[in-house]
Structure formats: structure tokens, C-alpha cells
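In the working numbering, the protein residues as written are 38 to 175.
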């Protein structure tokens, strides 16, 4: 089965509504992850189908729980994706929820990749350059 069919069938199976434009953006993103993975070591999986199933669809699958993750998805405007790596899941949430994702990574190679995909696929998200996030618990 080809990538396009795997993606569309999986989205239907997960109960996630999608448009042709969203599928096209995900496929373009997949191609960029695959192309740059050898250089930047973005994900452990090396083949396109594996990246799609293990990383992209895994990240997208959280959307079936969006009513539990986001109290009201109509009012969600921004998310912070800490330790984003290849932009997972932040970039994909930007594609499917039309929100601004702030993608935060301390690795320069990941930051460079995220900057390049923003230019290539034209979705709106922001990179938080080389930031270390520390959580304090009281």
C-alpha cells in the first residue's frame, strides 16, 4: 500500500477529519523528515513507511482525544511543544488544528530542520531557539 493510502485510511480509522490540503502537508512534511533524517538524526526510523506509522500517525493519534486535551478546541490558539525534535507532534497539531505551535528544542540540528520545514510547507508555527525549559514543582 502506498503512503497516501496508508495515511488516509489511518486517519479514517482514528476518526480524524481531514482535508486534501492537510494530507498534502503531512506528506510533504514526511518527505522532508525522510530527506533530512540521515543528516540531522531526527527520528530513529529510517524508511518512509516506518516514519509515517511510528512517528507521524502516532503523533496525530492524540487528536482523537482532543476534547479531553483541550477544553474547547475552538478557543485553542497556541501550544508549546517542549523537546519537539523533528516537530512531533507540534507541526502536525498546527496542520490539523490550525493553531500556532511553539516548538522548543535545545539541539541546533533540530532547530535548523524546523526552520527549513516552516519555509517549505508554509504552515504557521514558531521555533523557540535553543531553549532549555525547566519545570519547578512546589
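We treat Cβ as the ideally placed atom computed from N, Cα and C, and that holds for glycine.
Quantities reported herein were computed from a predicted structural model and do not represent experimental measurements.
In or out: residue i buried (at least 16 other Cβ within 10 Å) or exposed?
i           : result
residue 49  : exposed
residue 78  : exposed
residue 87  : exposed
residue 92  : buried
residue 151 : buried
residue 104 : exposed
residue 127 : buried
Between which residues of its own chain and residue i is the CB-CB distance below 8 angstroms, once the five residues before and five after are set aside?
i           : result
residue 60  : 41, 44, 45 and 48
residue 153 : 69 and 73
residue 136 : 113, 114, 115, 116 and 130
residue 157 : 65 and 69
residue 106 : 99
Suppose the cutoff is 6 angstroms on Cβ atoms and the five residues either side in sequence are ignored; what does the same chain contact list for residue i look like?
i           : result
residue 147 : 122
Figure out for me which residue from the options has the closest Cα to the Cα of residue i.
i           : options              : result
residue 114 : 92, 130, 156 and 158 : 130
residue 99  : 155, 151, 52 and 150 : 52
residue 57  : 127, 85 and 133      : 133
residue 142 : 120, 82, 159 and 127 : 120
residue 159 : 75, 39, 63 and 54    : 63
Give the secondary structure of residue i by DSSP, where H, G and I count as helix, E and B as strand, and everything else as coil.
i           : result
residue 154 : helix
residue 119 : strand
residue 97  : helix
residue 90  : helix
residue 40  : helix
residue 140 : strand
residue 107 : coil
residue 127 : helix
residue 79  : coil
residue 56  : coil
residue 61  : helix
Do the CB positions of residue i and residue j come within less than 8 angstroms of each other?
i           : j           : result
residue 89  : residue 67  : yes
residue 149 : residue 125 : no
residue 85  : residue 102 : no
Leaving out the 5 sequence neighbours to the left and right, which residues in its chain are closer than 7 angstroms to residue i when beta-carbon positions are compared?
i          : result
residue 82 : 88, 91 and 92
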